[in-house]
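Since the structure comes first, as structure tokens, the remarks are kept for the end.
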Amino acid sequence: MKLSFTFFTTLILCGCTNILISEDNSSEVGRLEGKMSVRSPRFNGSAFIDWTYSKDYFKFVVSSPFGLPLAKLEGNKDLIEITLPPERTQTTTFENLHHHIGYPLPLKHFTFWVRGMPNPDYAFVGDDTSFDQDGWSVSFLKYEERLPRKIRLERDNITITLIIKSWLV
Numbered sequence: 000m001k002l003s004f005t006f007f008t009t010l011i012l013c014g015c016t017n018i019l020i021s022e023d024n025s026s027e028v029g030r031l032e033g034k035m036s037v038r039s040p041r042f043n044g045s046a047f048i049d050w051t052y053s054k055d056y057f058k059f060v061v062s063s064p065f066g067l068p069l070a071k072l073e074g075n076k077d078l079i080e081i082t083l084p085p086e087r088t089q090t091t092t093f094e095n096l097h098h099h100i101g102y103p104l105p106l107k108h109f110t111f112w113v114r115g116m117p118n119p120d121y122a123f124v125g126d127d128t129s130f131d132q133d134g135w136s137v138s139f140l141k142y143e144e145r146l147p148r149k150i151r152l153e154r155d156n157i158t159i160t161l162i163i164k165s166w167l168v
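Rendered as structure tokens:
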């Protein structure tokens with residue numbers, strides 16, 4: 000059974016928005032909560048997300064509508080540890096993550112993209128509302144304060160939409 004089926008089973012939309020931000024949005028430490036949906040020819044689903052990040056570490060937790068963890072991705076720039084119930088753990092790299100979850104997930108860029116900017120380590124083409132980077136088209140559909148609230152990521156025939164409910168940066 001594909002990991003992606005387990006990764007996004009029985010999930011629904013969520014509500015309210017809270018934002019706590021520093022003077023600028025360039026912080027390399029933060030946390031966000033929200034919803035992520037994935038649409039592709041092979042898979043459609045959505046989940047609650049809780050993502051904590053720093054310059055050298057991240058933890059990305061995917062949960063059901065009842066708050067039960069469905070998956071946890073935790074790691075650094077070199078390795079990602081994927082944990083699925085019941086305590087099944089695998090280790091991979093950013094480049095091979097799609098083999099484990101069934102579709103590409105650009106986690107190495109999230110720290111920048113969720114703050115409305117391209118990853119400075121990769122070339123990009125675009126402006127403040129959208130850009131193309133590392134094979135992805137990134138569009139910022141809604142902002143609140145100085146941070147994106149709704150982001151659409153597209154690559155090939157996959158669309159990932161992030162709706163950010165709360166921020167701590």
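When you line the sequence shown up against numbering that gives the first Met the number 0, it's residues 0 to 168, in that order.
Each residue gets a CB set at the ideal place from its N, CA and C atoms; glycine is no exception.
>> Nearest by alpha-carbon distance to F42: which of K164, F65, H97 and F109 is it?
In response: Comparing Cα-Cα distances from F42 to each of K164, F65, H97 and F109, the minimum goes to H97.
> Run through DSSP, which three-state label would K76 get?
Replying inline: Of the three classes helix, strand and coil, the one that applies to K76 here is coil, per DSSP.
>> On the DSSP letters alone, give me the boundaries of the beta strand (DSSP E) that T110 sits inside.
In response: No beta strand (DSSP E) contains T110, which is instead part of the alpha helix (DSSP H) from L106 to W112.
>> Buried or exposed for T110, going by 16 or more other Cβ atoms inside 10 Å?
In response: Classification of T110: buried, given that the 10 Å Cβ count is 16 or more.
> Can you tell me where the alpha helix (DSSP H) with L96 in it begins and where it stops?
Replying inline: Unbroken alpha helix (DSSP H) run through L96: L96 to I100.
>> Going by C-alpha to C-alpha distance, which of P84, I100 and P85 sits closest to T91?
In response: Closest by alpha carbon: I100.
> Start and end of the beta strand (DSSP E) containing Y142?
Replying inline: Its beta strand (DSSP E) spans residues W135 to E143.
>> With distance defined between alpha-carbon atoms, name the residue in R145, E144 and V113 nearest to F130.
In response: Comparing Cα-Cα distances from F130 to each of R145, E144 and V113, the minimum goes to V113.
> If you draw a straight line from the C-alpha of K149 to the C-alpha of G33, how long is it?
Replying inline: Answer to the nearest angstrom: the Cα atoms are 10 Å apart.
>> According to DSSP, simplified to helix, strand and coil, what is N156?
In response: Looking at N156 - three-state DSSP - the assignment turns out to be coil, as it is neither helix nor strand.
> Between the C-alpha atoms of L167 and S39, what's the straight-line distance to the nearest angstrom?
Replying inline: For L167 and S39, the distance between alpha carbons rounds to 30 Å.
> With distances taken between CB atoms, is the gap from I48 to V37 smaller than 8 Å?
Replying inline: No, the pair does not count as a contact, with Cβ atoms beyond the cut-off.
> Taking the C-alpha atoms as reference points, what is the distance between R152 and E73?
Replying inline: Before going further, note that residue 152 is Leu rather than Arg in the sequence given. Looking at the two C-alpha atoms, the distance is approximately 21 Å.
> With DSSP run on the structure shown, which of helix, strand or coil describes L67?
Replying inline: Three-state DSSP puts L67 in coil, outside helix and strand.
>> Less than 8 Å between the beta carbons of L106 and F139, yes or no?
In response: L106 is not a Cβ neighbour of F139, given a cutoff of 8 Å.
>> Please classify G134 as buried or exposed, where buried requires at least 16 other C-beta atoms within 10 Å of its C-beta.
In response: By the neighbour-count criterion, in which 16 or more other beta carbons inside 10 Å mark a residue as buried, G134 falls on the exposed side.
> What's the gap between the Cα of N75 and the Cα of W50?
Replying inline: Straight-line Cα distance between these residues: approximately 13 Å.
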